[in-house]
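A.B. asks:
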Amino acid sequence: MCRWIVYVGEQSLMLEDLLIRPDHSIVKQVNNRFLPGLYYGLEEGDKEELEIQATWINVHGFGVGWYTDTLSEFDPTVKGMNPAQFRTIAPISTDLAFSQLCAHTASKCTLAHIRDASFPPVVEVNNHPFIFGQYAFMHNGSVADFAPIRFDVMRRIFELQDTVQTLLLASSVPKSNYVFNIRGNTDTEHLATLYFAHLDIIKAGVLSDTGIHPRNPLGGPFAVDSTDALLLALINTIADIHKIQHRHKLGPFTPGKDRAGNKLNLCITDGGNQMLVCRWRDAKEGFPPSLYLSLTAGEKLNRKYFPVLPDPQVSEDIKNTDVKIDSVRELVERYKKLPPSQQGRHVIVGSEPCTEYVADWGLFDQNQCVIVDKDQKLRILNLAKFFQKGREHEFRHYHFNEVFDTISNNARNAPAVDIGVPAHGIDLPKEKSDAFEIELDLK
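Residues 1 to 443 (UniProt numbering) are what the sequence shown spells out, left to right.
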């Protein structure tokens, strides 16, 4: 599997301090791994599967995106921060251009990804992150059985594209041509394109006219910069993939294969100050690839506060994948008791911790989703609840039903009548214990 890392914060962080300098930086993850606590408490079959997924070598390309407002200073049509990008298939640990870039660049939002290719060829256009206007998208995992469903995914994208073009909606791709914007052949780029087609339609508000809540300037139930729109687009995207896989009896709908399913460790950034990440798997058995959260590591990474990285001061046992570390729940509970960080409010999420100071990190639960909004409010929720029995209550709670309930009566008569699809009835099992959910202001 691939590896990725993202930083979002109110203070800038040098790219070198995030991507190169740490003792387990993503550059070092090209040929090394550090997965504390990943196997703790798991059955042997789950451990074996994760061991196969957690490859030691990831050499099929590298990409980094960082948000900057430079272009807006020279072009009045560009507003706020937008992602710049560097991608290469050269060995990243010896790439002088990358080293120079990182040594002289800082950002309040940085994403980086190293690729372990599921689909050849090894070319730059297949490298993450993928950029869509003000958004960036990364993925670790796989869309199950992508090859036989690729045509249907493309057809679905074309349906959404027809809606955007017919209604002259604002688009995250040039000329609203989502299909033509796909330059590579990865499952990730197709998934990202499907996602942003949904997001553009949701943000335009063409699916909703209930009158229950005030309409925003674009006509929908969500503000133009709402993280709820990011979440609903993700639900619609996964639901579309489920619908296609169900039709072909593939993925999580494959008869007799309880471990068949989608592995979607996703990162979506919006405008450099909002983020949605998730650790997702919809198979009946097994776990998605690793994902870790930190709300404090940025202070130690920033050379202004720590010219020399502190000694982790942990035993070698912590490098054992079968030793317990904090869950996200436990990490948040400890965070509440800490004083504010010198680095200010920030969030780091990575496939692996980028430092060996394990006290700064918590391991995501399966199907856990973390959302950060522009006001630095953190939301942690259970994404699986939108794909379980009783999900109608959750749709109402988030006002998503206002979108779904009005599709068939859309006054604009959009040509793709199912452009907002309720979650397909995969009916994921309920968690053995209550899923951790919380909203809190970062400090």
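Ideal Cβ positions, reconstructed from N, Cα and C, are used throughout, including at glycine.
Note that the coordinates shown come from a computational prediction; the quantities given were computed from them, not determined experimentally.
May I ask you to check if the CB of I238 is nearer than 8 Å to at least one heavy atom of the ligand COA?
C.D. replies: For the ligand COA, the structure offers nothing, since it holds no ligand at all.
A.B. asks: Is it true that the stretch 347-365 meets the stretch 284-304, where meeting means three or more beta-carbon pairs spaced less than 8 Å apart?
C.D. replies: yes
A.B. asks: Report yes if the CB atom of P437 is closer than 9 Å to the CB atom of L381, and no otherwise.
C.D. replies: According to the sequence displayed, residue 437 carries Glu and not Pro. Yes. Within cutoff.
A.B. asks: Got a sec? Which residues, its chain only, sit under 6 Å from R247 by beta carbon, not counting five neighbours each side?
C.D. replies: none
A.B. asks: Which parts of the stretch 216-279 are runs of the beta strand (DSSP E), unbroken and 3 residues or longer, counting only runs that do not cross its ends?
C.D. replies: 263-270
A.B. asks: Going by the DSSP bridge assignment, what does Y135 pair with across the sheet?
C.D. replies: F132 and D270
A.B. asks: At what residues does the alpha helix (DSSP H) containing I97 begin and finish?
C.D. replies: Per the sequence shown, residue 97 should be read as Ala rather than Ile. Element bounds for A97: L96 to A103.
A.B. asks: With a threshold of 6 Å on Cβ separation, who are the neighbours of P76 within its own chain once the five nearest residues in sequence on each side are excluded?
C.D. replies: none
A.B. asks: Just reading off the alpha helix (DSSP H) that V206 is part of, what are its end residues?
C.D. replies: Careful: V206 lies outside any alpha helix (DSSP H) and carries neither H nor E.
A.B. asks: Just the C-alpha distance for G184 and P339, rounded to the nearest angstrom, thanks.
C.D. replies: Taking the Cα positions, G184 is about 46 Å away from P339.
A.B. asks: On the three-state DSSP scale, how would you describe G286?
C.D. replies: coil
A.B. asks: Assess contact between the stretch 108-120 and the stretch 56-74, defined as three or more Cβ pairs (one per stretch) separated by less than 8 Å. Is contact present?
C.D. replies: yes
A.B. asks: My understanding is that P252 touches N265, with C-beta atoms under 8 Å, so please give their C-beta distance in whole angstroms.
C.D. replies: Rounded, the Cβ-Cβ distance is 16 Å, inconsistent with contact.
A.B. asks: Alpha carbon to alpha carbon, what distance is there between D270 and F196?
C.D. replies: 11 Å
A.B. asks: When the Cα atoms are used, what is the spatial distance from residue 458 to L160?
C.D. replies: The chain is shown only over 1 to 443; residue 458 falls outside these bounds and no answer can be derived.
A.B. asks: Taking 7 Å as the limit between beta carbons, can you name the residues of its chain near I241, skipping five residues before and five after?
C.D. replies: V143 and N262
A.B. asks: By a C-beta neighbour count over all protein chains shown, 10 Å radius and 16 as the cutoff for buried, is T186 buried or exposed?
C.D. replies: buried
A.B. asks: Distance check for P307 and M138, CA to CA, integer angstroms please.
C.D. replies: 30 Å
A.B. asks: Specify the secondary structure class of Y292 as computed by DSSP and reduced to three states.
C.D. replies: strand
A.B. asks: Measuring CA to CA, which of R329, Y305, K284 and G9 is closest to Y292?
C.D. replies: R329
A.B. asks: Sorted by chain position, which residues of the same chain lie with C-beta nearer than 6 Å to L331's C-beta, five sequence neighbours on each side aside?
C.D. replies: G362
A.B. asks: Round the Cβ separation of Q368 and C278 to the nearest angstrom and send it over; I've been treating them as touching at under 8 Å.
C.D. replies: Yes, they are in contact, since the Cβ atoms of Q368 and C278 sit about 7 Å apart, within 8 Å.
A.B. asks: My output table needs one value for E51: the three-state DSSP class, helix, strand or coil.
C.D. replies: helix
A.B. asks: Taking the beta strand (DSSP E) that K108 falls in, what are its first and last residues?
C.D. replies: A106 to I114 is the extent of the beta strand (DSSP E) around K108.
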